[in-house]
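In what follows, a single structure is set out as structure tokens and then discussed.
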Ligand SMILES: Nc1ncnc2c1ncn2[C@@H]1O[C@H](COP(=O)(O)OP(=O)(O)OP(=O)(O)O)[C@@H](O)[C@H]1O
Ligand SMILES: [Mg+2]
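Residue numbers (my numbering): 1 to 256.
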């Protein structure tokens with residue numbers, strides 16, 4: 001067994017009266033590639049957002065690389081860490097979303113450089129070199145000086161992935177990064193993610209691409225109504241779902 005990168009215990013999250021995560025337990029070892037699947041509203045995005053501290057949560061504990069994220073115990077209560085500390089911890093994870101959220105007035109390279117200069121305090125030439133390395137890695141060496149508006153959706157998403165990875169996170173979180181793309185552009189983005197997986201990057205990916213989950217993940221997590229309903233090796237799970245809910249989900253999903 002490798003080193004534990006992520007350890008989630010009893011994660012609970014409510015929006016008002018609505019309990020969206022009802023006690024999620026999950027551990028991720030270094031180098032694992034985990035696909036999170038499940039129907040709309042099951043809590044997949046919320047789970048990623050809690051890991052990245054984009055959401056506060058009401059119960060449970062998340063540790064990244066051995067550090068408790070977001071809160072510290074204070075007697076019997078828990079207190080939110082300082083914003084500065086949370087910002088530092090947030091940098092342990094990189095996140096890519098369905099919407100790429102690139103700055104339109106900055107070139108591809110400048111988008112990747114921004115966090116390196118602002119957060120990692122690199123000099124501009126240093127940041128430029130790192131940005132070019134990662135843009136090359138996602139197949140966009142020739143597009144470094146293009147603006148987002150001059151790039152296809154698939155290219156923009158690859159810039160967004162390069163931007164997250166360039167920060168050298170311990171864990172990458174992907175939330176349906178291909179869902180907003182035209183079908184013919186999905187493959188190039190999945191190819192980039194496959195390459196990162198082959199390099200040993202630890203990743204949690206929410207995806208509706210069942211074929212991709214099947215082929216690339218070391219483990220699949222099936223979420224249902226705010227809990228992990230079933231998890232395991234994709235080959236076993238897809239061939240022999242243990243729960244009726246997963247069987248139903250697979251029937252209605254794109255995998256066949
Ligand atoms: N900001 C919010 N305020 C209130 N309720 C929210 C908020 N964000 C999400 N929810 C609710 O939390 C539940 C889980 O949402 P979440 O976005 O995590 O689902 P998901 O599994 O990612 O779904 P999808 O596959 O559609 O992306 C849903 O019932 C949703 O309506
Ligand atoms: Mg979602």
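Beta carbons: idealized from backbone N, C-alpha and C, even for Gly. Here the structure is a predicted model, which is why all the values come from computation and not from measurement.
| request: Determine the burial state of residue 247: buried for a count of at least 16 other Cβ atoms within 10 Å of its Cβ, exposed for fewer. | output: exposed
| query | Does DSSP put residue 214 in a helix, in a strand, or in coil? | reply | helix
| query | Any heavy atom of ligand 2 closer than 8 Å to the Cβ of residue 3? | reply | no
| query | So, do the stretch 135 to 142 and the stretch 89 to 107 have three or more beta carbon pairs nearer to each other than 8 Å? | reply | No, because fewer than three Cβ pairs between the stretch 135 to 142 and the stretch 89 to 107 fall closer than 8 Å, the two stretches do not touch.
| residue 206 Cβ short of 8 Å to ligand 2 heavy atom set | yes
| Closest by C-alpha distance to residue 177, when choosing among 164, 168 and 170 | The option with the nearest alpha carbon to residue 177 is 164.
| query | residue 32 to residue 104, Cα distance in whole Å? | reply | 34 Å
| task | Please report the Cβ distance between residue 3 and residue 29, rounded to the nearest whole angstrom; I am assuming they are in contact, meaning their Cβ atoms lie under 8 Å. | result | 7 Å
| field | Own chain residues within Cβ distance below 7 Å of residue 45, not counting five before or after | value | Within the same chain, and ignoring the five residues on either side of residue 45 in sequence, the residues whose Cβ sits closer than 7 Å to its Cβ are 175 and 206.
| Is the stretch 212 to 224 touching the stretch 8 to 19, taking contact as three or more C-beta pairs under 8 Å? | no
| request: Please state whether DSSP places residue 249 in a helix, a strand or coil. | output: helix
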